[in-house]
Structure formats: structure tokens, C-alpha cells
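Residue 171 in this note's numbering is what sits at position 170 of the sequence shown, and the numbering runs on without skipping anything. No residue lacks a Cβ here, since even glycine has one placed at the ideal position from N, Cα and C. Fair warning: this is a prediction, and the values are worked out from it, not measured in the lab. First up is the structure itself, then whatever we jot down about it.
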Amino acid sequence: MLIKTKNAWDISENNVTSEKDYFSRRDFIKAAGLIGAGTAASLSMPGSALSQEKLKTLANEFDGRDIQDEQTDARAILNYNNFYEFGMDKDDPAKNSHTLITEPWTVTVDGHCENRGTFSVEDLIDFNNLQERIYRMRCVEAWSMVIPWVGVSLSEIIKKLKPTSNAKYVYFETLVDKKQMPGQNKGIIKWPYREGLRMDEAMNPLTIMAVGLYGETLSNQNGAPLRLVVPWKYGFKGVKSIVKISFVEKEPNSSWMRLAPHEYGFYANVNPKVPHPRWSQASERRIGDFRRRDTLMYNGYGEMVAHLYDGMDLRRNF
Ligand SMILES: Nc1nc2c(c(=O)[nH]1)N[C@H]1C(S)=C(S)[C@@H](COP(=O)(O)O)O[C@H]1N2
Ligand SMILES: [Mo]
């Protein structure tokens, strides 16, 4: 039997209902009303809710529905966040991220690719071919969730941008704007938040660019309007509110590597056998659960990604 704690977000077994309660308090009311009336809401607009019907009929390469684990309550996904641009406490992003302006939004693409330039979110993301992907998310701090993301495979975006053979890695940056992101007045991280993937990791069909969760447009605290999700890696690889994509030859120096290179590596693959210098990674606390659970190698996605690291020493390449 699963023993559950009574956290603020833990009041209902029925995630969908509780999620609706939550969203009814937000500015999605209008868009959600449209869907309720049977009209397909404008799917080309990042600011609108996504049609549930549309989501159900999407063809998925991998939708994560094999995960038997319960999806994490929306209230936890929306109120327990790491987004240092809005503060260091878990509830700071939900409280403070209303200042982020996500429309209009542009992403600059440069480096080793044919289609360099500045793109709108709609240029990059095909809003008519969104997929729902239910993924485990394991933070390096040893807590985890199961999150129903909405997005597209990053590979689809990369194909549009046409990287050349010199592109060995893809690099991402979050917006820098102290007015919109008050946490950037503190120099914890050297802003912008930076992350990167090796090209084969970026092209793996599991890697997505998310624009929504629980069938709704992504909320600011989760990285609106578009954020990376790499489910076999620690959560910090999932850079939020992306404004820059660069195709580069050398391994990029990501934010956490800069801050503490012996604690956070470039690969950051979930690995129960390689402890963080200050704590074990063998188990995790699934938000909403009482008991800890064992952490899975590659967060349970080894079948799809272990081959990427053949012959690599995972203790050195942590
Ligand atoms: N720009 C930016 N992206 C970020 C972070 C951040 O502080 N700033 N935190 C990371 C960490 S440590 C985690 S665990 C995830 C959390 O994602 P979530 O809040 O959507 O669950 O976002 C990652 N992406
Ligand atoms: Mo994290």
C-alpha cells in the first residue's frame, strides 16, 4: 500500500480534478471555456490552452504511458520548483514568476547550422503536432516527480535548423532580464542559466522541448514558453525559458559545472551508483509519497539511452 502524506498538494487522489481546480484560478479560464464548448482552441498560440481532444489523438513515438507510477499532483508540479531566476525557495517561482513576459518571445539560433536567425516560438514548435509525454523527473537533490509534459521532440526542431557536421553539441541559454526575473539581482549563478547536450543526446527521441504540462500551456514557473526536458538526466539539464540555441563544436560549460565542477558534470545522467559528493543518489523522495524509493539507472530509460554512453567511464563522466 502506498502511504501518503498530507501535503498541501496531496488532498486528492484524482489529479485531473485537482488540476482543474488549480487552473480555474488562472487566466486559462477563457481558453479552457472554449475547449469545454467543444471548439478547438487556437493551437498556434503559445498563450492558449491545448485541446485535450488533440492531445488524445496524437501519434506518439514514445508517450511514457508504460510508466505505472502515479502522475504527480499538478499542485506540486506548479508550486515546488527550481527556477533560481525567481528565487531560491521551492515556492518562490510560483509566487514571483508572474513578471515574466512570454508573448512575444523569440529564440536566437546561431553557430554551426544553416538556419541561423531569430525565430518565434511558432517557427520552432509545430503546435499542430504536439505530443504528451509522461516522464519521471529526478532532481539532483534526490526528489522526483512524474510529469505529463506536452511538447515536441527536440530532434524535430534541430532538423529544421539544419546543423552542419561541425555541430557536435547543442547549447541553450535562458532569458536574462533583471526586471522580469528578480532573482537575477543575486549572483548565485552567472546568468544566463546555461545548459547543453551532445548532439546524439539532443537527437534521441526521448528529448523534448516542452510547451505545456497537464494539457495546458506551460506556466511561467515551469519554464514558459519553452523548456528542455531530458528525462534520463538530472532535472538541472532541463533549462527553462530558452532564448538562445547554439550549435557548437566544443562541450559547453553549463551553469552548474561552472559553479561546482566536482559536484555537477556535463552528462548528469541519473545514476544511483555515483553519489553526489555531499549525498547519496541511490534513492529518492517521490513528491507525494511517504517512503523513499530506489533511484533507477538512467531514471529508468536505459533501454533507450544506455547505448549513448557505451565505453564511457560513468564515474568520470558524471
Ligand atoms: N533557467 C533555469 N532552468 C532551470 C533551473 C533554474 O534554476 N533556472 N532549475 C533546474 C532544476 S535544478 C530543476 S530540478 C528543474 C525543475 O523543473 P520544474 O520546476 O519544472 O519541475 O528545472 C531546471 N531548469
Ligand atoms: Mo534540480
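Sequence-distant residues of its chain with Cβ nearer than 7 angstroms to I209 (five each side left out): As a position in the sequence shown, residue 209 is number 208, starting the count at 1. So the qualifying residues of the chain are R134, W150, G152, V153, S154, L155, V230.
Closest residue to Y85 among V147, N167, N300, P193 (Cα-Cα distance): In the sequence shown, residue 85 corresponds to position 84, counting from 1. For Y85, the closest of V147, N167, N300, P193 by C-alpha to C-alpha distance is P193.
Counted within 10 angstroms of its Cβ, other Cβ atoms place F291 as buried (16 or more) or exposed: Here the question's residue 291 lines up with position 290 in the sequence shown. So F291 ends up on the exposed side.
Every unbroken beta strand (DSSP E) within the stretch 106-135, with a cutoff of 3 residues, ordered by chain: Restricting attention to beta strand (DSSP E) runs no shorter than 3 residues, the stretch 106-135 encloses them at 107-112, 118-121, ordered along the chain.
Pairwise C-alpha distance: A95 and A32: Your numbering for residue 32 matches position 31 in the sequence shown. Your numbering for residue 95 matches position 94 in the sequence shown. The predicted position of A32 is uncertain, since its pLDDT is 35 and thus under 50; no value can be drawn from it.
8 angstroms CB neighbourhood of G266 in its chain, flanking five on each side removed: On the sequence shown, position 265 is the one that residue 266 refers to. Around G266: M258, N318, F319.
Cutoff 6 angstroms; reference G39; Cβ partners in own chain excluding five residues on either side: By one-based count along the sequence shown, residue 39 stands at place 38. The predicted position of G39 is uncertain, since its pLDDT is 26 and thus under 50; a value taken from the coordinates is nonetheless stated next. No residues qualify anywhere along the chain.
Residues sharing a beta bridge with F248, DSSP: Here residue 248 refers to the residue found at position 247 of the sequence shown. For F248, which the question treats as bridged, DSSP gives the partners G112, V171.
Ligand 1 heavy atom lying under 8 angstroms from the CB of P226: As a working mapping, residue 226 is identified with position 225 in the sequence shown. Checking the 8 angstroms criterion, the Cβ of P226 is out of range of every heavy atom belonging to ligand 1.
C-beta contact flag for H113 and P164 at 9 angstroms: The count along the sequence shown starts at 1 and reaches residue 113 at position 112. The count along the sequence shown starts at 1 and reaches residue 164 at position 163. Taking C-beta atoms as the reference points, H113 and P164 count as a pair closer than 9 angstroms.
9 angstroms Cβ cutoff met for L207 and V306: One-based indexing of the sequence shown puts residue 207 at position 206. One-based indexing of the sequence shown puts residue 306 at position 305. V306 sits close to L207, with the two beta carbons spaced by under 9 angstroms.
Sufficient close CB pairs (3 or more, under 8 angstroms) joining the stretch 99-110 to the stretch 121-131: Enough Cβ pairs lie closer than 8 angstroms, so yes.
A211 - containing beta strand (DSSP E), residue span: On the sequence shown, residue 211 is found 210 positions in, with the first residue counted as 1. Element bounds for A211: 209-214.
Any non-hydrogen atom of ligand 1 closer than 8 angstroms to Y136 Cβ: Numbered from 1 along the sequence shown, position 135 holds the residue referred to as residue 136. No, since every heavy atom of ligand 1 falls outside the 8 angstroms radius drawn around the Cβ of Y136.
Enclosing alpha helix (DSSP H) for L198 [first to last residue]: As a first step, residue 198 is located in the sequence shown; it is residue number 197 there, counting from the start. No alpha helix (DSSP H) contains L198, which is instead part of the beta strand (DSSP E) from 195-199.
A211 to D314 span [Cα, whole Å]: Counting from 1 along the sequence shown, the entry for residue 211 is found at position 210. Counting from 1 along the sequence shown, the entry for residue 314 is found at position 313. Distance between the alpha carbons of A211 and D314 is about 30 angstroms.
Distance between beta carbons of L219 and I243, contact taken as under 8 angstroms: Taking the first residue of the sequence shown as position 1, residue 243 is located at position 242. Taking the first residue of the sequence shown as position 1, residue 219 is located at position 218. No, I243 and L219 are not in contact; Cβ-Cβ is about 11 angstroms, not under 8 angstroms.
S255 versus E196 - alpha carbon distance: Within the sequence shown, residue 255 is the residue found at index 254, counting from 1. Within the sequence shown, residue 196 is the residue found at index 195, counting from 1. When rounded, the distance between both Cα atoms is 5 angstroms.
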